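Novice:
Number of protein chains: 4
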Amino acid sequence: MIQIDYQDKRPIYEQVIEKIQNLIIIGVLTENDKMPSVRSLAIDLSINPNTIQKAYQELERLGFIYTVKGRGGFVASQSSWKKDISDENLNNLKDVLIELDKLGVSKSKVHDMVDKYMKGNVEND
Amino acid sequence: MIQIDYQDKRPIYEQVIEKIQNLIIIGVLTENDKMPSVRSLAIDLSINPNTIQKAYQELERLGFIYTVKGRGGFVASQSSWKKDISDENLNNLKDVLIELDKLGVSKSKVHDMVDKYMKGNVEND
Amino acid sequence: MIQIDYQDKRPIYEQVIEKIQNLIIIGVLTENDKMPSVRSLAIDLSINPNTIQKAYQELERLGFIYTVKGRGGFVASQSSWKKDISDENLNNLKDVLIELDKLGVSKSKVHDMVDKYMKGNVEND
Amino acid sequence: MIQIDYQDKRPIYEQVIEKIQNLIIIGVLTENDKMPSVRSLAIDLSINPNTIQKAYQELERLGFIYTVKGRGGFVASQSSWKKDISDENLNNLKDVLIELDKLGVSKSKVHDMVDKYMKGNVEND
DNA sequence: GTGGTCTAGACCACC
DNA sequence: GTGGTCTAGACCACG
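Protein chains in written order, with this note's numbering: chain A, 1 to 125; chain B, 1001 to 1125; chain C, 2001 to 2125; chain D, 3001 to 3125.
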């Protein structure tokens, strides 16, 4: 389900968070799906249960999952994270654009990249 | 010349690097300008000289400054860093665009932001 | 009769206790009404009978219901819980008021909220 | 500086959070004061450093302190927590008032308690 | 079985 | 010295 990259400088729990976020964002995991248990995922990835625990707690804080003691973790609804995550990425976009502008990169090149890397979701405006 | 933000989560030496990079990119510091000495900048910012030293080493590795033994550090020419930094930022842009696409943000919104945050440097293409 | 919220962080049996307490306090369940059997309520809510059992035991300890062996549970009289519950809430009120005072919230704002959220039960003093 | 109550059912790290929050709210610890180090406070309270660490991270998330790697933790400015904490307490107040109303407690009794437990901060309205 | 908390002890980056 | 991460192993409440 998930692969840890030990070359990656980021802490393991952050990688786990990012990987699971992605699975939820792209829809592989959907609302109310059962998450693997802390222990089973820890064994699966050969890492300590506490590390998974930390990742799950952060995912819950971010609104991606909810947990019920004694029953386990479940995927939360889109509404609890979609706006936050979109806003965060739009902020990153702004920063990068300002930086590229300072570096003298042309607008047309950036417009071209937008067309290249985005499929275009017209309906969401 | 530079302000350290102690609330910033990043290590101080990274902040120093970023601030000096910016001064060079926007042209406040230009080719062959003399950099402040490690010691004087450390006193100026009230931080440990080792921290400045580490920042200068990294800036030299990145091609922003060069060091002459016994005379100090100097700003390097644009040619030694411009391409690297632009490529790095274009990579970031690509990642953010892909992420925004997954989240269902529309292309038109992104195009609008490009026009909003970039002045447009036509000559550099 | 009762709805379990699985997103709620509290244990299920606490939710059951709170919901039944409320039904009794607001008068939907009144003295000597028959409580649903542990088994039927468990099936109704699709949860483990042990969980209902635990809730009923606690409700009995708090004086909200009484159990007759072989006949089931019944709602107890107001006298067995009203004072305890009122005292408990007045204690909470005291704590919150002290906290708000420390935070510099004005008395007039609090008086306003009292008028806003309480209908005023003059007869019970 | 802090006392742990082992009779208290709440986890240790929550007690630590609450105690430190209080010291900051009442002004014993003020902006930019140095917090005791994770290790020293752990020894002081005879508990594990990880437990203190967890408390400090949560206090940082709540805006009460900020930490700088290699230098330690410091008390943040009031602005980063005052509104959140006040709002939270006003919400608690609302819940308690509604509950007391359901229980038939009179408004006049509540008004009396407000006058009794609050000194009155007229200026903050 | 599940998640939540805690301990003991370790290594790392940073200053 | 500082905080941040991770491991190994334990106990608890919950269902």
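Where is the CB? At the ideal position from N, CA and C, for every residue including glycine.
Please read these numbers as outputs of a predicted model, since none were measured by experiment.
Going by the DSSP bridge assignment, what does K2034 (chain C) pair with across the sheet?
Specialist: BP columns for K2034 (chain C) point to C:F2074.
Novice: Going straight from the alpha carbon of V2038 (chain C) to that of F74 (chain A), what length do you get?
Specialist: Looking at the two C-alpha atoms, the distance is approximately 27 Å.
Novice: Give the DSSP-derived three-state secondary structure of V3096 (chain D) in the structure shown.
Specialist: Note: V3096 (chain D) maps to helix in three-state DSSP.
Novice: For my contact list, L3100 (chain D) and V3110 (chain D) are in at a C-beta cut-off of 8 Å; report their separation, rounded to the angstrom.
Specialist: Yes, they are in contact, since the Cβ atoms of L3100 (chain D) and V3110 (chain D) sit about 6 Å apart, within 8 Å.
Novice: On the CB-based measure, 16 or more other CB atoms within 10 Å of its CB, does V16 (chain A) come out buried or exposed?
Specialist: Flag for V16 (chain A) reads buried.
Novice: Per DSSP, what are the beta-bridge partners of E67 (chain A) in this structure?
Specialist: The sequence given here places Thr at residue 67 (chain A); Glu does not occur at that position. Looking at the DSSP assignment, T67 (chain A) forms a beta bridge with A:G73.
Novice: K2009 (chain C) to T3030 (chain D), Cα distance in whole Å?
Specialist: Each residue's Cα considered, the two are about 33 Å apart.
Novice: Counting pairs of Cβ atoms below 8 Å between the region 78-94 of chain A and the region 56-63 of chain A, do you hit three or more?
Specialist: Result yes; three or more Cβ-Cβ pairs closer than 8 Å.
Novice: How would you call Q1003 (chain B), buried or exposed, if buried means at least 16 neighbouring beta carbons within 10 angstroms?
Specialist: Label assigned to Q1003 (chain B): exposed.
Novice: Would you mind sorting Q7 (chain A) into buried or exposed? The rule is 16 or more other CB atoms within 10 Å of its CB.
Specialist: Exposed.
Novice: Look up M1113 (chain B) in the DSSP assignment and say whether it is helix, strand or coil.
Specialist: The answer is helix: DSSP assigns M1113 (chain B) an H, G or I state.
Novice: Could you pull the start and end residues of the alpha helix (DSSP H) that Y2013 (chain C) belongs to?
Specialist: 2012-2025 is the span of the alpha helix (DSSP H), which, as asked, contains Y2013 (chain C).
Novice: Could you check if I96 (chain A) is buried or exposed, using at least 16 other CB atoms within 10 Å of its CB as the buried criterion?
Specialist: First, the amino acid is wrong: residue 96 (chain A) is Val here, not Ile. By the neighbour-count rule (16 or more Cβ atoms within 10 Å), V96 (chain A) is buried.
Novice: Should N2032 (chain C) go down as buried or exposed, given a rule of 16 or more other Cβ atoms within 10 Å for buried?
Specialist: So N2032 (chain C) ends up on the exposed side.
Novice: Please report whether the beta-carbon of V3038 (chain D) lies at a distance below 9 Å from any beta-carbon of chain B.
Specialist: Not closer than 9 Å to any Cβ of chain B, the Cβ of V3038 (chain D) fails to qualify, so no.
Novice: Suppose you measure from the CA of S1106 (chain B) to the CA of K34 (chain A); what does that come to, to the nearest Å?
Specialist: Answer to the nearest angstrom: the Cα atoms are 31 Å apart.
Novice: Since I12 (chain A) and T67 (chain A) should fall inside the 8 Å C-beta cutoff, what is the C-beta to C-beta distance between them, to a whole number of angstroms?
Specialist: Rounded, the Cβ-Cβ distance is 20 Å, inconsistent with contact.
Novice: By the DSSP assignment, the alpha helix (DSSP H) with I3052 (chain D) in it spans what residues?
Specialist: Looking at the DSSP string, the run of the alpha helix (DSSP H) that includes I3052 (chain D) is 3049-3061.
Novice: In chain B, which residues lie less than 7 Å from K3069 (chain D) when you measure between Cβ atoms?
Specialist: Result: P1011.
Novice: In whole angstroms, what separates the C-alpha of E3014 (chain D) from that of P1036 (chain B)?
Specialist: Cα-Cα distance, rounded: 47 Å.
Novice: DSSP three-state call for K1082 (chain B): helix, strand or coil?
Specialist: K1082 (chain B) falls in the helix class under three-state DSSP.
Novice: With a 10 Å radius around its C-beta and 16 neighbouring C-beta atoms as the bar for buried, classify K1116 (chain B) as buried or exposed.
Specialist: Its Cβ having fewer than 16 others within 10 Å, K1116 (chain B) is exposed.
Novice: In chain order, what residues of the same chain have a beta carbon less than 6 Å from the beta carbon of L149 (chain A), not counting five sequence neighbours either side?
Specialist: The requested residue 149 (chain A) is not part of the displayed model; chain A covers only 1 to 125.
Novice: Are I98 (chain A) and M1118 (chain B) close, meaning C-beta to C-beta below 9 Å?
Specialist: Yes, these two residues count as a Cβ contact at 9 Å.
Novice: Assuming I1020 (chain B) and L1059 (chain B) are in contact, meaning their beta carbons sit under 8 Å apart, how far apart are those beta carbons, in whole angstroms?
Specialist: Going by Cβ atoms, the distance from I1020 (chain B) to L1059 (chain B) rounds to 6 Å, so yes, they are a contact pair.
Novice: Let me make sure I understand the geometry here. Which of C:Q2057, C:L2041, C:N2091, C:K2083 has the alpha-carbon closest to that of I2025 (chain C)?
Specialist: Nearest option by C-alpha distance: C:K2083.
Novice: Classify K3069 (chain D): buried if its beta carbon has 16 or more other beta carbons within 10 angstroms, exposed otherwise.
Specialist: Burial call: exposed.
Novice: DSSP on S2106 (chain C), reduced to helix/strand/coil?
Specialist: Here S2106 (chain C) sits in coil by DSSP.
Novice: With H, G and I counted as helix, E and B as strand and the rest as coil, what does DSSP make of S2046 (chain C)?
Specialist: If DSSP states are grouped into helix, strand and coil, S2046 (chain C) belongs with coil.
Novice: Check whether the Cβ of F3064 (chain D) lies closer than 9 Å to any Cβ atom in chain B.
Specialist: With 9 Å as the cut-off, F3064 (chain D) does not count as an interface residue toward chain B.
Novice: Is it buried or exposed, N3126 (chain D), if we count other Cβ atoms within 10 angstroms and call 16 or more buried?
Specialist: A question about residue 3126 (chain D) goes unanswered here, because the residues of chain D that appear run from 3001 up to 3125.
Novice: Where does N89 (chain A) land, buried or exposed, given buried means 16+ other C-beta within 10 angstroms?
Specialist: Counting Cβ neighbours within 10 Å, N89 (chain A) comes out buried, since at least 16 surround it.
Novice: Confirm, please, whether the CB-CB distance from M113 (chain A) to K1054 (chain B) is below 9 Å.
Specialist: No, these two residues do not count as a Cβ contact at 9 Å.
Novice: Which residues, in chain order, does the region 2016-2037 of chain C contribute to contact with chain D at a C-beta distance below 7 Å?
Specialist: Cβ contacts with chain D come from I2025, I2026.
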